[in-house]
Amino acid sequence: MGLAMATNLQKHLSQKQTPNLRFYNRTESRGAILKQLGGIPSTIRELVANSDIIFLSLSDDAAVESVLVEMLEESPNHLDKKIVVDTTTIQPSTSVKAKLMLQERGANYVAAPVVGTFPTAAKGQLLWILAGKEASVDAVSPYIIGAMGRAAVILGEDVSLASLMKSIA
C-alpha cells in the first residue's frame with residue numbers, strides 16, 4: 003500500500019504546485035512510477051536533509067527499526083524538528099521505541115497505521131489512525147486528508163494507542 007499512498011501524495015503535491023515528493027526505497031526500481039510522476043529518488047541522507055516530514059511505509063517492526071537506525075546513523079545532525087510519520091502496522095512497543103529513538107535527536111514521531119485495502123489506498127480513501135504530538139499531527143494532516151485518506155482518527159500523544167486501535171480495526 004505504500005506505493006499507492008506515495009503515488010497519491012505525489013499527485014497531491016503536483017496539484018498544489020508544491021515541491022515534489024522525495025522518496026527512498028531499498029529496492030530502487032519500485033519507485034519508478036513515482037519518478038515518472040515527478041518524484042525525486044533520494045538516499046536516506048538526502049531525504050532527511052531535504053524533508054521536514056518523512057513518511058515510512060514498511061513491511062514490519064524489524065524493517066521500521068532498521069530504517070530508523072539507518073536514518074540516525076546517516077543523518078545524525080539533520081533530524082531536529084523533523085516529523086517522522088510511520089504508516090507501518092507494528093507492535094505498540096515498537097511505536098514507543100521509535101518515538102524515543104527520534105525524540106533523542108529532536109525529531110517527532112507520529113504513529114499512523116492505516117485501515118483499508120489496496121484498492122482503497124489507490125483511491126486515496128484510507129482511514130488513518132494518528133497518534134503523536136498535537137502540533138505534529140496538525141502539520142501532517144494536510145498531506146493525509148484529501149491526498150492519501152478520507153478521514154483520520156486522532157488518539158492523542160500516546161503513540162502505542164494507534165497500533166492498538168489498528169489491531170482491533
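Note that the sequence shown covers residues 3 to 171 in our numbering.
All C-beta atoms in this analysis are idealised placements derived from N, C-alpha and C, irrespective of residue type, glycine included.
Judging by CA-CA distance, which residue of 154, 142 and 171 is the nearest neighbour of residue 58? Position 56 of the sequence shown, counted from the start, is the residue given in the question as residue 58. Of 154, 142 and 171, the residue nearest in Cα terms is 142.
For residue 157, which of helix, strand or coil comes out of DSSP? The residue given as residue 157 occupies position 155 in the sequence shown. Residue state, collapsed to three classes: coil.
Is it buried or exposed, residue 11, if we count other Cβ atoms within 10 angstroms and call 16 or more buried? The sequence position of residue 11 within the sequence shown is 9, counting from 1. Residue environment analysis places residue 11 among the buried positions, since at least 16 neighbouring C-beta atoms fall within 10 angstroms of its C-beta.
Count the other C-beta atoms from every protein chain shown that fall within 10 angstroms of the C-beta of residue 33, then say buried if there are 16 or more, exposed otherwise. Translated into positions along the sequence shown, residue 33 becomes position 31. By the 10 Å Cβ count, residue 33 comes out buried.
Restricting to Cα atoms, I'd like to know which of 101, 78 and 18 is closest to residue 66. Here residue 66 corresponds to residue number 64 of the sequence shown, with the count starting at 1. Residue 101 is the option with its Cα nearest to residue 66.
6 Å CB neighbourhood of residue 151 in its chain, flanking five on each side removed: Along the sequence shown, read from residue 1 onward, the residue named residue 151 stands at position 149. Cβ within range, chain order: 128 and 130.
Once the 5 residues before and after residue 157 are set aside, which same chain residues still bring their CB inside 8 Å of it? As a first step, residue 157 is located in the sequence shown; it is residue number 155 there, counting from the start. For residue 157, where only same-chain residues beyond five positions count, the Cβ hits under 8 Å are 131, 132, 133, 163, 164 and 167.
Three CB pairs or more closer than 8 Å across the region 73-92 and the region 103-118: Yes, the region 73-92 is in contact with the region 103-118.
Straight-line Cα distance separating residue 171 from residue 45: On the sequence shown, position 43 is the one that residue 45 refers to. On the sequence shown, position 169 is the one that residue 171 refers to. Residue 45 and residue 171: Cα-Cα distance of roughly 34 Å.
Roughly how many angstroms separate the alpha carbons of residue 159 and residue 136, rounded to a whole number? Taking the sequence shown and counting its residues from 1, one reaches residue 159 at position 157. Taking the sequence shown and counting its residues from 1, one reaches residue 136 at position 134. If you take the alpha carbons of residue 159 and residue 136, they lie about 7 Å apart.
Taking the beta strand (DSSP E) that residue 110 belongs to, which residues open and close that run? As a first step, residue 110 must be located in the sequence shown, where it is residue number 108. Counting along the chain, residue 110 sits inside the beta strand (DSSP E) bounded by residues 110-113.
State the CB to CB distance for the pair residue 28 and residue 52, rounded to an integer number of angstroms; the pair is presumed to be in contact (CB under 8 Å). Translated into the one-based positions of the sequence shown, residue 28 becomes position 26. Translated into the one-based positions of the sequence shown, residue 52 becomes position 50. The beta-carbon distance between residue 28 and residue 52, rounded to whole angstroms, is 19 Å. This is too long to meet the 8 Å contact definition.
Quick one: grab the DSSP three-state call for residue 43. Sequence index remark: in the sequence shown, residue 43 carries index 41 (1-based). Here residue 43 sits in strand by DSSP.
If you draw a straight line from the C-alpha of residue 54 to the C-alpha of residue 83, how long is it? Here the question's residue 54 lines up with position 52 in the sequence shown. Here the question's residue 83 lines up with position 81 in the sequence shown. Residue 54 and residue 83: Cα-Cα distance of roughly 7 Å.
Could you tell me the boundaries of the alpha helix (DSSP H) in which residue 63 lies? Against the sequence shown, residue 63 aligns to sequence position 61. In the DSSP annotation of this structure, the continuous segment of the alpha helix (DSSP H) that includes residue 63 starts and ends at 63-76.
Span of the beta strand (DSSP E) around residue 88: For the purposes of this step, residue 88 is identified with residue 86 of the sequence shown, where counting begins at 1. That run of the beta strand (DSSP E) goes 85-88.
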